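Colleague: Per the numbering used here, numbering of the sequence shown is gapless, rising by one per residue and ending at 658.
Idealized CB from N, CA, C, for every residue including glycine.
This one's a predicted model, so the numbers in the text were calculated from it and none came from an experiment.
Sharing a structure, written as structure tokens. Questions coming.
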Amino acid sequence: LFSKYLFVSGRFVAVDAATNDEQDDEIGADVKPQAKEITGVLLSPTLDQGEWSCLRLVYQISGSGSLEVLQRTEGKSFDKPLWSSQMPSDSWVISSMDLQNNTEPYRIVIEGKPGQSAGSSVAIFEIHISPGYCLECDFEESHLCGYSNQWNANVNWYVGGGGVQVLNNNIPSDHTYNNKTGHLMYVDSTYAKTFKEVAKLVSPMTKVPISGCLSFQYQRSEERGNLFSVFTRDPLGQYQELWRAGTESQNEWTLGEWIPVQVDLKAPYSVQVVFEVAFNSPRGGRVAIDDISFSPEFCSTDTEPNFDPSIANCDFESGLCQYSQNPMGSPWRRVSVKPNIFRNGDHTTGAGSFLLAHSRLNPQSGYVSHLIGPTLPGNMKYCLRFYFSLRGFNQTDQALAVYLQQRNKSQEKIWTQGEKSRGIWIAADVTFQTSQPAKVVFISTCRSFWDCGSVALDDISVSLGDCELTAGSPSLSGHCDFEAGLCGYTQDKQSDDADWELRRGPTPTSYTGPRGDHTTGLGYYLHMEASPLLPGQSTRLLSRPLRGSRGPQCLRFYYHMYGSGTGQLSVHLDKDGEDVLLWQRSGEQSIAWLRATVEYQSDSQHQARIVFKAIRGSSVRSDIAIDDVILEGGPCPVVEIKSNVGSSNEIE
């Protein structure tokens with residue numbers, strides 16, 4: 007494979023391999039030359055995989071480059087990312103990705119981008135699509151379903167069977183075919199020295215949430231001389247034991263007979279399944295496994311269904327959701343602020359509701375406010391995210407703290423605020439685990455009126471797993487929070503006067519622009535810096551090309567237009583170079599980030615893009631910013647904001 011082109015040596019069919027001399031156009035490969043970046047695109051035929059299936063890709067990235075797999079469904083403007091890699095290797099690598107049940111036909115898109123350095127290339131050797139889950143394997147194929155041995159100096163998993171008799175193996179037949187020609191995986195203790203050396207057989211990493219019953223067959227000899235366990239391992243390297251072998255082979259099973267195992271697996275985030283064996287001596291025997299399978303139904307009807315942590319989500323637009331307050335304390339008040347240039351609004355829309363705890367000018371010296379969440383089951387790991395804003399606190403350690411409250415009312419502090427938020431919304435991510443059912447409690451404490459200000463709280467959400475895992479989940483095409491660049495959006499070099507700029511924190515000019523981004527308060531946003539521009543000059547940002555779609559599509563984004571000289575922000579649909587106006591705002595709007603929703607329609611007759619256009623106003627106090635852009639299929643949801651507000655800078 008050469009640095010400028012992507013050749014494919016396999017047909018896009020379930021199993022068949024193909025020869026290298028097939029023409030690119032016969033298998034749907036398309037190479038688009040660009041000035042700097044070369045992209046090879048491989049497009050599958052239309053797939054009508056109603057049932058769950060597994061896509062396996064055998065590939066190699068040499069030097070530098072990237073490979074991305076996407077799912078293209080007719081009627082959607084953007085492809086759904088399934089997997090991507092930029093990791094170079096000196097040999098062929100297998101990647102597996104689950105294709106979930108899909109009611110609509112779709113196509114698989116594989117994009118390879120070799121790097122700029124000499125000798126860089128991206129190659130694909132085989133593509134397999136097979137029914138079932140990627141965790142499943144009978145070990146009859148040479149790719150071993152993407153399972154791999156984690157190499158160890160003394161003990162390792164090997165492929166057994168295939169008619170080859172391995173010395174000291176003594177495992178007569180595989181489980182799949184019950185003969186000597188079938189294959190299995192085994193590990194023996196011949197070279198074992200200490201318990202510190204373990205053999206690990208590792209499954210492919212799951213890419214989508216799955217839960218159900220994991221089944222496999224195993225044989226084990228000399229159970230007193232080895233430990234055989236099954237774990238899950240997440241991308242952070244954290245292990246959780248699913249199952250451990252006992253002494254079944256002695257009591258209930260004869261030696262050489264396959265023993266079936268079923269164990270419930272709940273994986274709301276990416277995990278690998280690890281089959282681990284440790285020996286205490288060279289006489290520790292051996293372990294063999296075969297026929298790993300998975301069912302979306304739990305093994306036992308007694309297994310509790312997956313817990314939905316979204317019961318603890320609340321944006322306070324329609325009340326307190328499932329949160330409650332301590333009647334003995336000072337209440338959190340649900341308030342709203344009309345868009346204005348003096349006081350920040352809520353985080354959800356900029357004009358909705360949030361909670362506020364604050365001291366008032368009265369003889370009372372202070373207050374304690376409790377907000378108590380719904381009960382969360384124990385023995386699970388959670389990620390709590392919320393947004394807070396502090397004003398006027400001299401000491402912030404008690405301004406806002408988060409506790410876990412158990413049934414016996416005992417409390418454990420899991421988060422406290424360590425720095426002032428400068429009056430802007432800041433995101434807090436808290437990973438916690440509890441052995442018993444517990445509730446999340448937000449507590450604001452004010453000891454003395456003179457030390458206190460106000461604490462605002464909004465957009466609480468809870469998800470399963472470590473916050474580092476949920477933060478690393480792949481974003482959808484058309485979604486951009488600008489934390490890692492422009493996400494495929496491009497500057498319009500032909501039709502504008504300057505570029506949109508990535509910025510963190512406040513803009514250089516006072517009394518204009520945001521003080522922080524919308525995503526976390528501490529991250530990046532995109533803005534038009536007015537200072538170097540003349541009145542009337544503009545910046546234009548272009549989305550990736552949109553494919554034609556049936557029915558309306560929805561664009562959501564946040565915009566910031568604060569400054570006495572603010573000009574104009576507009577959104578257009580560029581159809582073959584002709585702009586169609588979709589949305590527009592002119593002049594100063596608010597000191598807060600405001601949410602915009604825009605419906606549009608793009609047919610297949612035109613090459614179309616979304617365009618964000620900002621025009622500089624009459625003075626340098628004309629900075630305009632955007633953040634958290636989301637493009638998705640279907641009409642925009644109708645959201646009613648119910649709030650009673652007085653004048654623009656008064657809290658109700």
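(1) Tell me, please, which residues DSSP counts as bridged to H189.
(2) Quick check on DSSP: helix, strand or coil for N158?
(3) Our contact map puts N232 next to G291 with C-beta atoms below 8 Å; I'd like the distance itself, whole angstroms only.
(4) How long is the line joining the alpha carbons of I430 and V461, rounded to whole angstroms?
(5) Who does F392 pair with in a DSSP beta bridge?
(6) For G542, count neighbouring Cβ atoms within 10 angstroms of its own Cβ and tell me buried if that reaches 16, exposed if not.
(7) Whose C-beta lies closer than 6 Å to the C-beta of S592 among residues of the same chain, with five residues either side of it excluded?
(8) If you draw a straight line from the C-alpha of N162 to the C-alpha of P302, how long is it?
(9) Within 10 angstroms of the Cβ of M93, are there 16 or more other Cβ atoms? Answer buried if so, exposed if not.
(10) Can you tell me whether Q122 is buried or exposed? The criterion is at least 16 other CB atoms within 10 Å of its CB, across all chains shown.
(11) Please state whether the Cβ-Cβ distance between Q559 and Q607 is less than 8 Å.
(12) Using a Cβ-Cβ cut-off of 6 Å (strictly less than) and excluding sequence neighbours within five positions of I630, which residues of its own chain qualify?
(13) Label Y409 either buried or exposed according to how many other C-beta atoms from any shown protein chain fall within 10 Å of its C-beta, with 16 as the threshold for buried.
(14) So, helix, strand or coil for D36, using DSSP?
(15) According to DSSP, is P315 helix, strand or coil?
(16) Pick from V468, T526, G623, I616: whose alpha carbon is nearest that of A536?
(17) Starting from the Cα of D487, find the closest Cα among G529, L463, T309 and give me that residue.
(18) So P383 packs on F313, CB below 8 Å; how close in whole Å?
(19) Within 10 Å of its beta-carbon, does L361 have 16 or more other beta-carbons around it, so buried, or fewer, so exposed?
(20) Where does L540 land, buried or exposed, given buried means 16+ other C-beta within 10 angstroms?
(21) Output needed for V644: all residues of its chain with C-beta closer than 8 Å, excluding positions within five of it in sequence on either side, in chain order.
(22) Which class does C151 belong to by DSSP, given the choice of helix, strand or coil?
(23) Okay, do the segment 66-86 and the segment 152-160 touch, 3+ Cβ pairs below 8 Å being the bar?
(24) Just to confirm, is the Cβ distance from T2 to K387 under 8 Å?
(25) Alpha carbon to alpha carbon, how far is I616 from E638? Give it in angstroms, no decimals.
(26) Can you list, in chain order, the stretches of the beta strand (DSSP E) that have 3 or more residues and sit fully within the segment 551-585?
(27) Which value, in whole angstroms, describes the spacing of the CA atoms of I317 and L390?
(28) Taking 7 Å as the cut-off, is the beta-carbon of T513 closer than that to any non-hydrogen atom of the ligand MN?
(29) At the level of alpha carbons, what is the spacing between Q500 and C327?
(30) When DSSP labels each residue in this structure, what does G640 get in the three-state scheme?
(31) Identify, in the order they occur along the chain, each residue of the same chain with its Cβ nearer than 6 Å to the Cβ of L552, setting aside the five sequence neighbours on each side.
(32) So, for V447: in the same chain, excluding its five sequence neighbours on each side, which residues have a beta-carbon less than 8 Å away from its beta-carbon?
(33) What is the rounded straight-line gap between the Cα of G243 and the Cα of A273?
(34) By alpha-carbon positions, which one of R113, L600, Y564 ends up nearest to P51?
(35) Output the distance between the C-alpha atoms of P288 and G218, rounded to the nearest integer angstrom.
(36) Do I135 and L61 have their C-beta atoms closer together than 8 Å?
Modeller: So, to answer that:
(1) Locating residue 189 in the sequence shown gives position 183, counting from the first residue. Partner(s): G167.
(2) For the purposes of this step, residue 158 is taken as residue 152 along the sequence shown, with counting starting at 1. Reduced to three states, the DSSP call for N158 is coil.
(3) Position 226 of the sequence shown, counting from 1, holds the residue named residue 232. Position 285 of the sequence shown, counting from 1, holds the residue named residue 291. Contact flag correct, Cβ pair sits at about 6 Å.
(4) On the sequence shown, position 424 is the one that residue 430 refers to. On the sequence shown, position 455 is the one that residue 461 refers to. So the two alpha carbons sit approximately 11 Å from each other.
(5) Taking the first residue of the sequence shown as 1, we reach residue 392 at position 386. Answer is A434, bridged to F392.
(6) Locating residue 542 in the sequence shown gives position 536, where the first residue counts as 1. Classification for G542: exposed.
(7) Residue numbering aside, residue 592 sits at position 586 when the sequence shown is read from its first letter. Correct list, in chain order: Q574.
(8) For the purposes of this step, residue 162 is identified with residue 156 of the sequence shown, where counting begins at 1. For the purposes of this step, residue 302 is identified with residue 296 of the sequence shown, where counting begins at 1. Distance between the alpha carbons of N162 and P302: 31 Å.
(9) For the purposes of this step, residue 93 is taken as residue 87 along the sequence shown, with counting starting at 1. With fewer than 16 other Cβ atoms within 10 Å, it is exposed.
(10) As a working mapping, residue 122 is identified with position 116 in the sequence shown. Exposed, because fewer than 16 other Cβ atoms sit within 10 Å of the Cβ of Q122.
(11) Here residue 559 is taken as the residue at index 553 of the sequence shown, counted from 1. Here residue 607 is taken as the residue at index 601 of the sequence shown, counted from 1. Yes, they are a contact pair.
(12) For the purposes of this step, residue 630 is identified with residue 624 of the sequence shown, where counting begins at 1. So the list reads M534, M567, L575, A620, once near-sequence residues are dropped.
(13) One-based indexing of the sequence shown puts residue 409 at position 403. The residue is buried, with at least 16 neighbouring Cβ atoms inside 10 Å.
(14) As a working note, residue 36 is residue 30 in the sequence shown. Because the pLDDT at D36 is just 49, under 50, the model does not fix this residue reliably, and the value given afterwards should be weighed accordingly. In this structure, D36 counts as strand in the three-state DSSP scheme.
(15) In the sequence shown, the residue the question calls residue 315 occupies position 309. The answer is helix: DSSP assigns P315 an H, G or I state.
(16) On the sequence shown, residue 536 is found 530 positions in, with the first residue counted as 1. Closest option to A536, Cα to Cα, is G623.
(17) As a working note, residue 487 is residue 481 in the sequence shown. The residue with the shortest Cα to Cα distance from D487 is G529.
(18) Here the question's residue 383 lines up with position 377 in the sequence shown. Here the question's residue 313 lines up with position 307 in the sequence shown. Sure, about 5 Å apart at Cβ, within 8 Å.
(19) The count along the sequence shown starts at 1 and reaches residue 361 at position 355. Result: buried.
(20) The sequence position of residue 540 within the sequence shown is 534, counting from 1. L540 should be labelled exposed.
(21) Taking the first residue of the sequence shown as position 1, residue 644 is located at position 638. Nothing meets the Cβ criterion.
(22) For the purposes of this step, residue 151 is identified with residue 145 of the sequence shown, where counting begins at 1. The answer is helix: DSSP assigns C151 an H, G or I state.
(23) no
(24) Residue numbering for the chain in the displayed model covers 7 to 658; residue 2 lies beyond these limits and cannot be assessed.
(25) Here residue 638 is taken as the residue at index 632 of the sequence shown, counted from 1. Here residue 616 is taken as the residue at index 610 of the sequence shown, counted from 1. Spanning the two alpha carbons is a distance of roughly 12 Å.
(26) 559-567, 574-581
(27) For the purposes of this step, residue 317 is taken as the residue at position 311 of the sequence shown. For the purposes of this step, residue 390 is taken as the residue at position 384 of the sequence shown. One C-alpha to the other measures close to 12 Å.
(28) Looking for the ligand MN in the displayed structure turns up nothing, as the structure carries no ligands at all.
(29) As a position in the sequence shown, residue 500 is number 494, starting the count at 1. As a position in the sequence shown, residue 327 is number 321, starting the count at 1. So the two alpha carbons sit approximately 49 Å from each other.
(30) Taking the sequence shown and counting its residues from 1, the one referred to as residue 640 is at position 634. If DSSP states are grouped into helix, strand and coil, G640 belongs with coil.
(31) Working through the sequence shown from its first residue, we reach residue 552 at position 546. S83, S608, A614, listed in sequence order.
(32) Mapped onto the sequence shown, residue 447 falls at position 441. Result list for V447: H376, L377, I378, G379, V408, Y409, L410, Q411, Q417, in chain order.
(33) Here residue 243 refers to the residue found at position 237 when the sequence shown is read from its first residue. Here residue 273 refers to the residue found at position 267 when the sequence shown is read from its first residue. Approximately 14 Å, taken between the alpha carbons.
(34) One-based indexing of the sequence shown puts residue 51 at position 45. Among R113, L600, Y564, the Cα nearest to that of P51 is on R113.
(35) Within the sequence shown, the letter at position 282 stands for residue 288. Within the sequence shown, the letter at position 212 stands for residue 218. Approximately 37 Å, taken between the alpha carbons.
(36) Counting from one through the sequence shown, the residue named residue 135 turns up at place 129. Counting from one through the sequence shown, the residue named residue 61 turns up at place 55. Contact flag set, yes.
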